Structure formats: C-alpha cells, structure tokens
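The sequence shown begins at 3 in the numbering used here and counts up one residue at a time.
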Amino acid sequence: MSVDIQAYLWPTPNGKKIYVVLEELNIPYDVRLINIGKNEQFAPEFLKISPNNKIPAIVDQNPPKEFGDSPISIFESAAILQYLADYKKGEGAPDLYPKNPRERVKVNEWLYWQIGGLGPMMGQSSHFSSTNIDYAKERYSKEVDRLLGVMNKRLGEYNYLAGDNYTIADIASYTWILYNDKVKAEDTPYPNIKAWFDRISERPAVKRAAEKAKL
Ligand SMILES: N[C@@H](CCC(=O)N[C@@H](CS)C(=O)NCC(=O)O)C(=O)O
C-alpha cells in the first residue's frame, strides 16, 4: 500500500527527530535511507528536495487542499516537525504544536533554540573532540555546557521545554540529548534534563522510533 509521506532519513540526531514525530503523530510513512557516509546526500535527485544536501527531508504526496494539487517537499527538520504536527496529525495523536498563540510562541522559541544553538554546538563540539585543536575543543564544549545549563534550569521550572506539555520542541532536543553521556550519567550535573529525558524515553512512540531508527 502506498502512503502519503516519504521520509528521506539517516539515523543521526536530526534524522531521528522525524522518526519520533511520525510515530507520535501516528502517520504511515516510507523511509528512504540517504547514506550521508557515502555522500548520497549529493545525488541530483535528492538535491531536488533538499538543496542544502542534508537529511532530513520529506515528500508529502497528498498535502491538504490549501497546498494545491501537487506533492510538496520539505527540508530542514524544524519545518518538517511544524508541517507534520499542523497538517498530518493521525488518529488519537497528541497535540504537539498548539494553535494557541501564546503557547505556540513558546514552542517556537525552544524549537529554534535547538536548531540554532544546541544542535550546531553539540555538532561542533563532537567534531573537534577528536582533534588536537584545544581552542576549538574548549570553546564548543563550554558552549554545550552553557546551553545544557539553560535547558536544565528551564526543565526545573516546567515539565517540558515549552511549558506543561510535550511538544515538537522536546522532540527536537531529545534526539540530541541521546548523544550526551554527561546528561545520562547517574551523577549528572543536569538532573532536570535527565528526568525529562527518561520520561520521554518511556513514551511508546519513542520506543517504536528507537526500534526503527536504532535511537
Ligand atoms: N538544520 C538542519 C541540519 C541538518 C543536518 O545537519 N543534517 C546532517 C545529518 S544530522 C547531514 O545531513 N549532513 C550531511 C552533510 O552535511 O553533507 C536540520 O535541522 O534539518
């Protein structure tokens, strides 16, 4: 049976977000793996839907009427999370992107905080950790620690990043925190992030995504 959503993924922090959101929203999907280790992200066919040569990307073969008759492709993980949560929510799925404007602004703040801060800084920190460039190593690991401090404080005040409810902002950061051993350690300096991380890991949809993406 053909399904609406084709997801172009590789099991990295940004790719795993899309597995989680599709499982949470109960949306049928096909995965097309793009092996970024083999430079498949530069294939001309993939660049047509993801011109920045990065996963994730999706194609929706059957978008809502207001998008017109033709399929739509989307790249950039935040744009995909917003689109799916707004337009493709499946039967019985939670509301991951509230319409209430005050709540939506909070989701956007923490979503963009991950896209512009936590993700790139963790990426750079990991990249330089295997080099002997001490200046870069220190700069990025300090910045990751600062960001985790901000996140830990926020999660001491609220159960989830945008407030009382689990949203796409949590999904965006969760798949990055998966890669941070300091947060997951028993004696973590970030206990509020650890509690949040453990709570999200118990969600049935996240467990299903973990199976499929090897989270
Ligand atoms: N801001 C982008 C970042 C995407 C990204 O960095 N993807 C990485 C994998 S996690 C990638 O495809 N890298 C391949 C490359 O740079 O050639 C998003 O959130 O979607």
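Where a beta carbon is used, it is the ideal one built from N, C-alpha and C, also for glycine.
Quick caveat: nothing in here was measured; it's all calculated off a predicted structure.
Look at the alpha carbon of glutamate 68 and the alpha carbon of aspartate 88, and state the distance between them as a whole number of angstroms.
-> Translated into the one-based positions of the sequence shown, residue 68 becomes position 66. Translated into the one-based positions of the sequence shown, residue 88 becomes position 86. Going from the Cα of glutamate 68 to the Cα of aspartate 88 covers about 13 Å.
Quick one: is the Cβ of tryptophan 198 within less than 8 Å of any heavy atom of ligand 1?
-> In the sequence shown, the residue the question calls residue 198 occupies position 196. No, the beta carbon of tryptophan 198 sits no closer than 8 Å to any heavy atom of ligand 1.
Those residues which DSSP pairs with leucine 35 across a bridge = Taking the sequence shown and counting its residues from 1, the one referred to as residue 35 is at position 33. DSSP lists Leu11 as partners of leucine 35.
May I ask you to list the residues that DSSP assigns as paired with tyrosine 162?
-> Residue 162 sits at position 160 when you count from the first residue of the sequence shown. Note: tyrosine 162 sits in a beta bridge opposite Gly165.
State the DSSP-derived secondary structure class of aspartate 97, mapped to helix, strand or coil.
-> The sequence position of residue 97 within the sequence shown is 95, counting from 1. If DSSP states are grouped into helix, strand and coil, aspartate 97 belongs with coil.
Glutamine 1: beta carbon under 8 Å from a heavy atom of ligand 1?
-> Since the displayed the chain opens at 3 and closes at 217, residue 1 lies outside it and no answer follows.
Which value, in whole angstroms, describes the spacing of the CA atoms of asparagine 55 and leucine 49?
-> Within the sequence shown, residue 55 is the residue found at index 53, counting from 1. Within the sequence shown, residue 49 is the residue found at index 47, counting from 1. Spanning the two alpha carbons is a distance of roughly 6 Å.
Less than 8 Å between the CB atoms is what I'm expecting for alanine 207 and glutamate 25, so what's the real figure, rounded?
-> If you number the sequence shown from 1, residue 207 lands on position 205. If you number the sequence shown from 1, residue 25 lands on position 23. Sure, about 4 Å apart at Cβ, within 8 Å.
Sequence-distant residues of the same chain with beta carbon closer than 8 Å to tyrosine 99, five excluded per side = In the sequence shown, the residue the question calls residue 99 occupies position 97. Excluding residues within five positions, the ones whose Cβ falls inside 8 Å are Leu83, Gln84, Ala87, Asp88, Arg106, Val109, Thr169, Ile170.
DSSP puts phenylalanine 48 in a beta bridge; with which residues?
-> Here residue 48 refers to the residue found at position 46 when the sequence shown is read from its first residue. Paired residue(s): none; phenylalanine 48 is not in a bridge.
Proximity winner among Pro58, Asp166, Glu47, Ala211, relative to tryptophan 198 (alpha-carbon distances) = Within the sequence shown, numbered from 1, the residue matching residue 198 stands at position 196. That would be Asp166, whose Cα lies nearest to the Cα of tryptophan 198.
Report back the beta-carbon spacing between alanine 174 and lysine 18 to the nearest angstrom; my notes put them in contact at under 8 Å.
-> Position 172 of the sequence shown, counted from the start, is the residue given in the question as residue 174. Position 16 of the sequence shown, counted from the start, is the residue given in the question as residue 18. Actually they do not touch by this definition, with Cβ atoms about 10 Å apart.
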